[in-house]
Amino acid sequence: MRQIGEALRERSLKVWLDEWELVPGRPWQEAVEEILATVRSSAVLVGQDGLGPWETPEMRACLTQMVRRKLPVIPVLLPGCPQAPTLPLFLGEVTWVDLRSGLSEEGLDLLEWGITNNKPNREKKKPGSPGPRIHNLPYLPLGDLLKGRDEELRTLETNLHGSAAATAITQTQAIHGLGGIGKTRLAVEYAWRSGDRYDAALFVVVDSAEALRSGLAGLTRLGLTGLVPVPSRAQEEEVAAVLAWLREHERWLLILDNVDTNEAAEAVRKILPQLQGKPVLITSRRRNWPAGIRKQPLDELGPEEATAFLLQRTDEVRTPSKDDPERVRQLAGILDGLPLALEQAAAYIARHQMTFSKYLEIWEKERESVLDWRDNDQTEYPASVAATWQTTFRQLHSTAAALLRLTAYLAPDPIPLDMFEKGTGIVEEAVGLLLEEAGQETSPQAVREGLAELADYSMIVREGETGTVHRMVQEVVRSRIPEERQREWIERVLRLVNDFSPLEPEDVRTWPVWNVLRPHATAVTDQADRAGITDPTARLMSQLATLLYAKSLYAEAEPLICRALKIDEDSFGQHHPNVARELNNLAQLFQDTNRLAEAEPLMRRALKIDEDSFGQDHPHVARGLNNLAALLQATNRLAEAEPLMRRALKIDEDSFGQDHPDVAIRLNNLAQLLKATNRLAEAEPLMRRALKITEDSFGQDHPNVARGLNNLALLLQATNRLAAAEPLMRRALKIDEDSFGQHHPNVAIDLNNLALLLQATNRLAEAEPLMRRAVEIFEASLGPDHPNSQRARGNLEALLAAMDPSD
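Counting in the working numbering, the sequence shown runs from 3 upward without gaps.
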């Protein structure tokens, strides 16, 4: 019943619901009779048990009076009601309203028609018309310029007033999010689109406790019915009068805007108990509000909505260009869905009647001035992008502020927050830099508390163990750091990322950390390189390149290796071990991308540097020997390769012992060479020994194990032990798919090998899809001209020929 009453009230009908509206402690009979004397119609609810307790005094009095006065009594059939309900005879033959399938607009229209005797015009019920009769809203409605907020508007409606299908429980609502995200715009647009739900929409800016008091006091002069201006104009009396009016009246919406400071939030919390159950809408950058306030986060616009806004907002005022579709998407990506930044960019474009391309050009050259630009004639936003967050910045504790500065040099991607906690010493250095710059002192704050404070003010959005800082916040924070101090901040961020980066990025066990860290390592090494910082820039670049190489992202890895090599050569000279490391990495990439002639001189140069630096028997020398031997084998110089492999194996066994993972690598490579020279009996024990070492070192599911399984399986196949080979191949394929994903060259190798074995056992139909998939992976990752791609393509053609019955 209360649901129906609320739905009718939404249609501006005055409704008395039931005995729950009788005031406790007062004679109910007199109250019921007073109410019945004023009503012009009555709806009675018919449920599973029929009309219900109509024999109760109030129900009997209601029906008797209505029939005597010849006023309509409207039966409303509820869910569970029988198909042919029994109604009291004195009601006669009347038309009922069928709501047995639940509340519907059609059923409510019929009920409204019966109550008012006027058929509802549903067109008049559209949101946004006519809007509140009395208001002090600061903006006109945006209409269809408000992009991507339909769901948020529906959420506001539901949270503030429930829905026709659920009992309405009015609860204070707080929209929270980053400054410039569109909280105020959403609240104002909701007020405009509320149709005739509200007689008054009251807007109060609450950037301080005093602003709340003066804003509430100012409502006495808005012309609200029944709110008489206080003659003395005493602020406290005016505030009391407004709060009393709000408590005693309905059909109003109060928007408390910009409640960002601790002082303002505390002032709002003090008045909210007086407005319990009333529609109060708070906008704030603060995330933390008491449990009695429903919280609604607001996020950035999506790329499509942001693009649509820029196009529509600048339509007929920008200079059109053929590249508009491409450039507007680029601009939307840079501004990252922040409504304030989108509006400011659109206003700038409109003011200067320029193209999107021209704006992007100016953005790159004059970013700081563009961030500060604002024109009252072009935009209603009260501040530029650069000025929007200054209030928040000033409120932050020095630790939180230092953390925010550090994040400004990272990528706009999820940041592993434990990087800051593990780098507490670097964070403390950053706090010192900030305090020195400001000439201040402050009490210490834990890193975890600093991160929590940033999240409280929506400066960082936390999700699990990561946090994201908006791209535009990063831009503004960087622009506010004095140019002469930029290098100091980049150095500290570089050290944070470098210290947090795991060793051995080629090992898939480090990838869960590296996958999150990768965009930040890319961002900070790029900035450090441009700032002329060499250490540990080259080291981190090399680590990142090793990760990309292991993921077979050769095109992304190569420029990083080349740059790291150049930095190390310039920093340490041509003969430093760091240079040898980069030479080796680059040579291996050249080998994998079939540039063998380019790879060999780099490998020989790296080997010479390591021998001169460490002597003839160092593990670094073994690494160089192994790499050169593998290249010699790939170019069919097996006799040259074998002594290098045996020497590398001896060095590692003497250095690490018999059971080290590096020893397993040398054993595997030597076994492969022995197999290539048809010494299978010598190769097999080396392979089995290598596989045992690798499983003991890395566990059963590591890619190094997959490599050993593959090698052993191929040897078993070569010695006609196909049944023993197949499970090893399938196990290797499973390990590599789980480790690298479905599209890595190692997976293609496994697929190719398994397909050939299936072909050898005459299971051609099973082999074909595996071989096709191997070809697709090789060609996508290595290109169609790579030897692996060509071999796989040849294998597929041979398989298809074997399957052709006409052959």
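By construction, the Cβ of each residue, glycine as well, lies at the ideal position given by its N, Cα and C atoms.
Pull up the distance between the alpha-carbon of I611 and that of L633, whole angstroms please.
Translated into the one-based positions of the sequence shown, residue 611 becomes position 609. Translated into the one-based positions of the sequence shown, residue 633 becomes position 631. Taking the straight line joining both Cα atoms gives about 18 Å.
Using the C-alpha atoms, what's the distance from P140 back to D198?
Taking the sequence shown and counting its residues from 1, the one referred to as residue 198 is at position 196. Taking the sequence shown and counting its residues from 1, the one referred to as residue 140 is at position 138. The C-alpha of D198 lies about 19 Å from the C-alpha of P140.
Classify P281: buried if its beta carbon has 16 or more other beta carbons within 10 angstroms, exposed otherwise.
Numbered from its first residue, the sequence shown carries residue 281 at position 279. By the 10 Å Cβ count, P281 comes out buried.
Given a cut-off of 7 Å on the beta-carbon distance, is the pair G150 and G335 in contact?
Here the question's residue 150 lines up with position 148 in the sequence shown. Here the question's residue 335 lines up with position 333 in the sequence shown. For G150 and G335, no; Cβs fall outside 7 Å.
What is the DSSP secondary structure of Q576, reduced to helix, strand or coil?
Counted from its first residue, the sequence shown places residue 576 at position 574. Here Q576 carries a coil assignment [DSSP, helix/strand/coil].
Is the CB-CB distance between T539 and A530 below 7 Å?
Along the sequence shown, read from residue 1 onward, the residue named residue 539 stands at position 537. Along the sequence shown, read from residue 1 onward, the residue named residue 530 stands at position 528. Going by C-beta atoms, T539 is nearer than 7 Å to A530.
On the three-state DSSP scale, how would you describe I483?
Residue numbering aside, residue 483 sits at position 481 when the sequence shown is read from its first letter. In the structure shown, I483 sits in coil (DSSP, three-state: anything other than H, G, I, E or B).
If you reduce the DSSP assignment to three classes, tell me which class T285 lands in.
Stepping through the sequence shown from its first residue, residue 285 is reached at position 283. Strand, per DSSP.
Counting Cβ pairs closer than 8 Å, one from the region 663-674 and one from the region 688-704, do we hit at least three?
Per the Cβ contact rule, the region 663-674 is in contact with the region 688-704 (3 or more Cβ pairs under 8 Å).
Check each candidate in E345, I417, T393 and M356 and name the one with the smallest Cα separation from E382.
Position 380 of the sequence shown, counted from the start, is the residue given in the question as residue 382. In this structure, E345 is the residue among E345, I417, T393 and M356 with its C-alpha nearest to the C-alpha of E382.
Beta-carbon gap between L630 and A650 smaller than 7 Å:
Within the sequence shown, numbered from 1, the residue matching residue 630 stands at position 628. Within the sequence shown, numbered from 1, the residue matching residue 650 stands at position 648. Contact: no.
For L229, count the other beta carbons within 10 Å of its own beta carbon; 16 or more makes it buried, fewer makes it exposed. Which is it?
The count along the sequence shown starts at 1 and reaches residue 229 at position 227. Label assigned to L229: buried.
Applying the 10 Å Cβ sphere with the 16-neighbour rule, what's the burial state of P341?
Walking along the sequence shown from the start, residue 341 turns up at place 339. With 16 or more other Cβ atoms within 10 Å, it is buried.
So, under 8 Å CB-CB, V581 and F592 are touching, yes? Tell me the CB distance rounded to an integer number of Å.
The sequence position of residue 581 within the sequence shown is 579, counting from 1. The sequence position of residue 592 within the sequence shown is 590, counting from 1. Taking C-beta atoms under 8 Å as the contact rule, V581 and F592 fail to qualify, at a distance of about 16 Å.
Starting from H622, follow the alpha helix (DSSP H) in both directions and report where the run begins and ends.
In the sequence shown, counting from the first residue as 1, residue 622 sits at position 620. Its alpha helix (DSSP H) spans residues P621 to A636.
Using 10 angstroms around the beta-carbon of S234, count the other beta-carbons present and answer buried if the total reaches 16, otherwise exposed.
Here residue 234 refers to the residue found at position 232 when the sequence shown is read from its first residue. Around the Cβ of S234, a 10 Å sphere holds fewer than 16 other Cβ atoms; the residue is exposed.
Would you kindly work out how many angstroms separate the C-alpha atoms of A410 and V518, rounded to a whole number?
Position 408 of the sequence shown holds residue 410. Position 516 of the sequence shown holds residue 518. A straight-line Cα-Cα distance of about 17 Å links A410 and V518.
Opposing strand residues paired with A202 [DSSP bridges]:
One-based indexing of the sequence shown puts residue 202 at position 200. Among the bridge pairs identified by DSSP, A202 is matched with I136 and W254.
Rounded straight-line distance, which links the Cα of Q674 to that of S544
Along the sequence shown, read from residue 1 onward, the residue named residue 544 stands at position 542. Along the sequence shown, read from residue 1 onward, the residue named residue 674 stands at position 672. Spanning the two alpha carbons is a distance of roughly 29 Å.
From L604 to R583, what does the alpha carbon distance come to, in whole angstroms?
Within the sequence shown, residue 604 is the residue found at index 602, counting from 1. Within the sequence shown, residue 583 is the residue found at index 581, counting from 1. Each residue's Cα considered, the two are about 10 Å apart.
Any chance you could list the alpha helix (DSSP H) runs of at least 4 consecutive residues sitting entirely within the region 286-370, in chain order?
Runs of the alpha helix (DSSP H) inside the region 286-370: 305-315, 326-337, 341-354 and 358-367.
Which first and last residues belong to the alpha helix (DSSP H) in which L101 is found?
Here residue 101 is taken as the residue at index 99 of the sequence shown, counted from 1. Careful: L101 lies outside any alpha helix (DSSP H) and carries neither H nor E.
Pick from D100, V75, P74 and R606: whose alpha carbon is nearest that of P81?
Counting from 1 along the sequence shown, the entry for residue 81 is found at position 79. Here the closest residue by C-alpha is D100.
When the distance is taken between beta carbons, is T468 closer than 7 Å to P414?
The residue labelled residue 414 in the question sits at position 412 within the sequence shown. The residue labelled residue 468 in the question sits at position 466 within the sequence shown. No, these two residues do not count as a Cβ contact at 7 Å.
Between A769 and E644, what straight-line distance do the alpha-carbon atoms span, to the nearest angstrom?
In the sequence shown, counting from the first residue as 1, residue 769 sits at position 767. In the sequence shown, counting from the first residue as 1, residue 644 sits at position 642. One C-alpha to the other measures close to 34 Å.
In terms of alpha-carbon separation, which member of L784, A794 and N790 lies closest to P771?
Sequence index remark: in the sequence shown, residue 771 carries index 769 (1-based). The shortest Cα separation from P771 among L784, A794 and N790 belongs to A794.
Please report the straight-line C-alpha distance between E728 and K553, rounded to a whole angstrom.
As a first step, residue 728 must be located in the sequence shown, where it is residue number 726. As a first step, residue 553 must be located in the sequence shown, where it is residue number 551. In a straight line, the C-alpha of E728 is about 26 Å away from that of K553.
Going by DSSP in three states, K126 sits in which element: helix, strand or coil?
As a first step, residue 126 is located in the sequence shown; it is residue number 124 there, counting from the start. Bear in mind that the predicted position of K126 carries a pLDDT of just 43, short of 50, making it too unreliable to give a figure here.
By a C-beta neighbour count over all protein chains shown, 10 Å radius and 16 as the cutoff for buried, is E306 buried or exposed?
As a working mapping, residue 306 is identified with position 304 in the sequence shown. By the C-beta density criterion, E306 is exposed, having fewer than 16 other C-beta atoms within 10 angstroms.
Cβ-Cβ separation, V261 to I295 (assumed contact under 8 Å), whole Å:
If you number the sequence shown from 1, residue 295 lands on position 293. If you number the sequence shown from 1, residue 261 lands on position 259. Not confirmed; about 11 Å, so no contact.
Threshold first: 3 residues or longer. Then list the beta strand (DSSP E) segments lying entirely within the region 139-197, N to C.
Listed in chain order, they are 175-178.
If you draw a straight line from the C-alpha of R733 to the C-alpha of E560, how long is it?
Here the question's residue 733 lines up with position 731 in the sequence shown. Here the question's residue 560 lines up with position 558 in the sequence shown. Taken atom to atom, the span from the alpha-carbon of R733 to that of E560 is near 32 Å.
List the residues that DSSP assigns as beta-bridge partners of P416.
Position 414 of the sequence shown, counting from 1, holds the residue named residue 416. BP columns for P416 are empty, so no partner.
One question on the structure: do P299 and G181 come within less than 7 Å of each other, judged by their Cβ atoms?
Numbered from 1 along the sequence shown, position 297 holds the residue referred to as residue 299. Numbered from 1 along the sequence shown, position 179 holds the residue referred to as residue 181. It is not a contact, given that the beta carbons lie outside the stated cut-off.
Residue burial classification, N755 (beta-carbon count within 10 angstroms, cutoff 16):
Position 753 of the sequence shown, counting from 1, holds the residue named residue 755. By the neighbour-count criterion, in which 16 or more other beta carbons inside 10 Å mark a residue as buried, N755 falls on the buried side.
Evaluate the contact criterion for the region 148-162 versus the region 185-199: three or more CB pairs, one atom per stretch, below 8 Å.
Touching, per the Cβ criterion.
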